[in-house]
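Just so you know, we're using the numbering used here here: the sequence shown kicks off at 124 and counts up by one.
Built from N, CA and C at the ideal position, the CB exists for glycine as well.
Okay, so here's the structure we're looking at.
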Amino acid sequence: MPDVLRTIPASSRDLEGVASAIAEFKAYWETIRPRPPFPCSFEGTQQDIDALDYFDYEGLPYPPSGIAGAALIWGNVTTRQAGFRWHLDEYGDLLLCPPGEPSLAIWPYARVVEIQHGARPQFGKYKWLMEQVIVECLGLATMDRADEARLIGMIEGLTEDGYARGLEAALRRYQDV
């Protein structure tokens, strides 16, 4: 039998890197000239996703924490908006797990590296990641109806190049085969 990934809830000390990334991205956002295109305080809202996608769209560099910091910002939105909790794996890596018994573990750093080095989508990478996680959660069918409704509300207004729309198209092709 293979080893089972064991996680423990992250402590406030474990989350110091998240707080540091938030402060760094917030300060960096304010340096955009002539001024940032919209206000963003990096408090775990959709605006954080929009800001990360703006960096990519405009070809702007991230602050010094780089992709690792961007992954923590994206993870913070996932915890604040989707109700996930930060956990540590046995190696000390921060993971995201949905509420209740961890039935899914998401490593934000790996997800962000994968999407940054992938060919698709060209724009809206962080929104794409959020849609991907929501679809995965809904596929598990382990959340209560209130959590499911909140998650679905997060991905309303899907774009043609979003993850969920791409998945619909892939499933249609799969069924045709």
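When DSSP states are grouped into helix, strand and coil, L274 belongs to the helix group. Membership of L218 in the beta strand (DSSP E) is indicated by the continuous run L217 to C220. Here G223 is exposed: its Cβ has fewer than 16 other Cβ atoms, across all protein chains shown, within 10 Å. A distance below 7 Å between beta-carbons, with the five flanking residues on each side excluded, links T130 to the following residues of its chain, in chain order: H210, L211, D212, L218, C220, P225 and A228.
With a cutoff of 8 Å on beta-carbon distance, A174 and Y232 are scored as not near each other. Put simply, the stretch 169-187 touches the stretch 131-149. At least three CB pairs are less than 8 Å apart. Secondary structure note for P231: its alpha helix (DSSP H) is the uninterrupted segment P231 to H240. Residue burial is scored here from C-beta neighbours: T154 has fewer than 16 other C-beta atoms within 10 angstroms and is therefore classed as exposed. Under the rule that a run must span 4 or more residues, the alpha helix (DSSP H) segments found entirely inside the stretch 140-220 read 169-181 and 189-205.
Per DSSP, the beta-bridge partners of P132 are H210. In the structure shown, M253 falls within a helical segment according to DSSP collapsed to helix, strand and coil.
The alpha carbon of E139 has as its nearest neighbour, out of L195, Q245, R156 and R243, the alpha carbon of L195.
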